[in-house]
Amino acid sequence: DAKTTQPNSMESNEEEPVHLPCNHSTISGTDYIHWYRQLPSQGPEYVIHGLTSNVNNRMASLAIAEDRKSSTLILHRATLRDAAVYYCILRDRSGGSNYKLTFGKGTLLTVNP
Amino acid sequence: NAGVTQTPKFRILKIGQSMTLQCTQDMNHNYMYWYRQDPGMGLKLIYYSVGAGITDKGEVPNGYNVSRSTTEDFPLRLELAAPSQTSVYFCASSGTDPSQPQHFGDGTRLSIL
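Going down the list, the protein sequences come from chains A and B.
This note's numbering runs 35 ahead of the 1-based position in the first sequence.
This note's numbering runs 157 ahead of the 1-based position in the second sequence.
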């Protein structure tokens, strides 16, 4: 499985933008870039995914580097409810057993009031 | 919307006891998964299923068994509980398109004493 590298932790202030980086230098052409987050004492929650182009949804934006070897999850205005562990995961779109998600340790985001 | 429902939420077992963790989903998803999460770590895949009657091993299957007799249900069985199986267990489901997200339950917190 292709690996991702994320900082162990990041800190932000409430109502400020947050940029969460992810390196995936061994990404293959068939890998989607997925982001999930896990709030305390809850199961992971899907945030966003992309393939080549930048993506936006109601929760966040995903900026993908032109060579696809890195990506950045952008929370435009952090709230206290955004404090969570954020996971960057590569998911092979060719299917089969690669439908599984391989979780690393993720980035623990702390949001200060 | 119920989504993915796991029962029980908490359980304490003695070494050598057995139990079944229940998981049911109401989204008509073909794919279902069982993960475990140890403290401070990411999730690890135990077993997964691509449809009723079809299951396969994930990264850490030893000590567990699964069955998939219906689309909705995917129970996980521990036959001889060991302290190393103390963990939080998450069930998830997804559609057949690898771009679609996995939906997670709230987890079962299991302690083996």
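For each residue, glycine too, the CB sits at the ideal point set by N, CA and C.
Query raised in the report: Can we say the stretch 185-199 of chain B touches the stretch 244-257 of chain B, given the rule of at least three CB pairs closer than 8 Å?
Result: yes
Query raised in the report: Along chain B, in chain order, which residues have C-beta atoms closer than 8 Å to that of Y67(A)?
Result: For Y67(A), the residues of chain B that pass the 8 Å Cβ criterion are P255 and S256, in the order they occur in the chain.
Report task. Tell me, to the nearest whole angstrom, how far the beta carbon of G220(B) is from that of Y204(B); I am working on the premise that it is less than 8 Å. Result -> About 11 Å separates the two Cβ atoms, so there is no contact after all.
Report task. Note down, in chain order, every chain A residue with its Cβ under 8 Å from the Cβ of F247(B). Result -> G78 and P79
Query - Rounded distance between the beta-carbons of R168(B) and T243(B), thought under 8 Å - result: Between R168(B) and T243(B) the Cβ distance is about 11 Å, and since that is not below 8 Å, they are no contact.
Query raised in the report: Where does R116(A) sit, in a helix, a strand or coil, going by DSSP?
Result: helix
Report task. Could you tell me whether any non-hydrogen atom of the ligand MG is closer than 6 Å to the CB of T177(B)? Result -> The ligand MG is not part of this structure, which contains no ligands at all.
Requested in this report: Under 8 Å Cβ to Cβ from H84(A), same chain only, skipping five residues before and after it: list those, please.
Outcome: Correct list, in chain order: Y67, I68, H69, W70, V90, L97 and R126.
Query - Neighbour list for R93(A) in chain B, Cβ cutoff strictly below 9 Å - result: For R93(A), no chain B residue has a Cβ inside 9 Å of its Cβ, as the nearest lies near 14 Å away.
Query raised in the report: Thinking just about the alpha-carbon of each residue, which of S88(A), D102(A), S76(A) and Q77(A) is nearest to the one in T150(A)?
Result: With chain A running from 36 to 148 in the structure shown, residue 150(A) is simply not present.
**Report entry** Sequence-distant residues of the same chain with beta carbon closer than 6 Å to Y122(A), five excluded per side
**Finding:** Y71, F138 and G141
Requested in this report: With 7 Å as the limit, tell me which residues of the stretch 195-214 of chain B have their beta carbon closer than that to any beta carbon of chain A; keep them in chain order.
Outcome: M198, G199, L200, L202, Y205 and D213
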